[in-house]
Amino acid sequence: MTSIVPTEPAKVAGPKVRTSAVRTTGRPVRTAPADLAPRARLLPSLAAVYRAQLSRARVARIPLLFVATFQSVGIMVLMRGVVDGGAEARAVVAGSAVLVVAFVALNLLAQYFGQLRAGGGLDHYATLPVPPAAVVLGAAGAYASFTVPGTIVTAVAGSALFGLPMTHLWVLVAVIPLSGAALSGLGAALGLLAPRQEVATLLGQLGMSAALLLGVLPAERLPGPVGWARDLLPSTYGVEALARSFDAHPDWAVVALDLAVCAAVGVLSLAVATWAYRRAAVR
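Our numbering puts the sequence shown at residues 1 to 283.
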């Protein structure tokens with residue numbers, strides 16, 4: 001005859017652990033599943049994802065910075081034969097500097113999330129107890145961080161090439177993160193919403209081409225409908241803020257307004273990217 005020996009519940013700190021009877025035959029009785037760990041908070045999760053993405057992309061940092069910076073400096077050299085100075089020169093330098101951000105935050109991030117979705121990488125992130133916003137913001141912040149040296153080099157080289165003052169280049173402290181947030185959110189959304197990886201790559205390259213044509217070319221030389229499209233591009237307001245800082249006496253109220261619009265667009269685009277991540281992760 002089989003006997004059952006009851007055991008007392010273990011008294012430990014933390015969540016209550018239920019123990020049950022154990023048969024003398026060695027067959028344990030089924031117990032209730034253990035409670036899951038609490039979901040991680042946003043800021044610690046964001047820092048962890050950011051560090052992981054930063055170390056992952058560090059291998060490609062030098063080629064990435066070289067390509068993005070060389071492309072923007074080359075565009076300014078070409079435009080130097082067409083533009084002499086004035087407002088057009090300021091637009092060329094500002095647009096070329098922000099183009100470094102667009103190359104990484106828009107183009108490469110769209111490719112990354114498209115590849116992540118196609119390869120099943122989203123399933124890995126979906127199993128982690130981290131908020132979706134932490135995954136999107138962490139990846140976007142890591143990719144945008146690589147644009148800082150190239151953007152500064154491009155702005156300094158363009159200022160020297162066109163004879164623009166460098167007194168107010170400290171505006172890059174605000175332009176880089178705000179433009180990076182707006183373009184990173186857009187790039188992540190394109191990569192997550194694209195039905196295939198090839199489409200995500202195509203959309204990222206088209207977005208970077210739009211940032212090139214609409215950001216580098218002076219607004220006065222663009223036709224009316226194209227000018228309206230320029231106003232819809234997230235990086236436009238970062239370009240405008242940087243271009244105004246090259247004036248001898250910048251209108252800081254207008255610069256602040258451009259940066260505020262850029263920040264609002266960044267919050268909106270990152271929110272859309274977070275929604276796109278949730279949508280892609282549950283499929």
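Think of the CB as a built atom: it goes at the ideal place given N, C-alpha and C, for glycine as much as any other residue.
Reference residue i; option with closest CA among the options
i, options, result
"PHE103", "PRO63, THR147, VAL226 and VAL171", "THR147"
"VAL261", "ASP231, ALA110 and GLY141", "ASP231"
"GLN115", "LEU192, GLY158 and GLY266", "LEU192"
"LEU109", "ALA142, LEU259 and ALA89", "ALA142"
"PRO107", "SER209, ALA174, THR274 and ALA253", "Here residue 107 is Asn; the residue named in the question, Pro, does not match the sequence. The residue with the shortest Cα to Cα distance from ASN107 is SER209."
"TRP170", "ALA241, GLY74, TYR112 and LEU206", "ALA241"
"LEU78", "GLY158, PHE113 and PRO149", "GLY158"
"LEU268", "LEU257, PHE246 and LEU183", "LEU183"
"PRO129", "GLY224, ALA48 and ALA229", "ALA48"
"LEU172", "PRO225, SER245 and PRO234", "SER245"
"PHE70", "TYR50, PRO44 and ILE152", "ILE152"
"GLY284", "ALA52, GLY227 and GLY150", "The structure shown does not extend to residue 284, since the chain spans only 1 to 283, so no value can be given for it."
Unbroken alpha helix (DSSP H) run spanning residue i, endpoints
i, result
"ASP258", "252-281"
"TRP170", "Premise fails: TRP170 is in no alpha helix (DSSP H) and is neither H nor E."
"PRO225", "224-232"
"GLY114", "109-118"
"GLU284", "Since the first and last residues shown for the chain are 1 and 283, residue 284 lies out of range."
"ASP296", "With the chain running from 1 to 283 in the structure shown, residue 296 is simply not present."
"VAL104", "No alpha helix (DSSP H) holds VAL104; DSSP gives it neither H nor E."
"HIS124", "121-127"
Proximal residues to residue i (C-beta, below 7 Å), its chain only, five neighbours per side dropped
i, result
"LEU54", "ALA142 and SER145"
"TYR277", "PRO132, VAL135, VAL136 and LEU192"
"LEU122", "LEU116, ALA280 and ALA281"
"LEU43", "none"
"LEU178", "GLY238, LEU259, CYS262, ALA263 and GLY266"
"LEU65", "PHE146, PRO149 and GLY150"
"LYS11", "Note on LYS11: pLDDT 45, under 50, position unreliable in the model; the coordinate value appears next. Closer than 7 Å at the Cβ level, and outside the excluded window around LYS11, lies no residue."
Cβ-based neighbour list, residue i, same chain, cut-off 6 Å, excluding 5 preceding and 5 following
i, result
"LEU46", "ALA134, LEU137 and GLY138"
"ALA273", "VAL136, GLY185, ALA188 and ALA189"
"GLN197", "GLY114, GLN115 and ALA118"
"ALA34", "Bear in mind that the predicted position of ALA34 carries a pLDDT of just 48, short of 50, making it too unreliable to give a figure here."
"ALA174", "LEU259"
Cβ neighbours of residue i in the same chain (closer than 8 Å, five flanking residues each side left out)
i, result
"MET76", "VAL92, VAL93, SER96, THR154, ALA157, GLY158, LEU161 and PHE162"
contact_flag[the stretch 215-230, the stretch 94-102] where n(CB pairs < 8 Å) is 3 or more: Verdict: yes, contact present.
Inter-stretch contact (C-beta, 8 Å, three-pair minimum) for the stretch 74-87 and the stretch 165-177: As far as the Cβ criterion goes, the stretch 74-87 does not touch the stretch 165-177, which means the pair count is below three.
Segments assigned beta strand (DSSP E), at least 3 residues, entirely inside the stretch 181-216: For the beta strand (DSSP E) assignment, the stretch 181-216 encloses no uninterrupted run of at least 3 residues.
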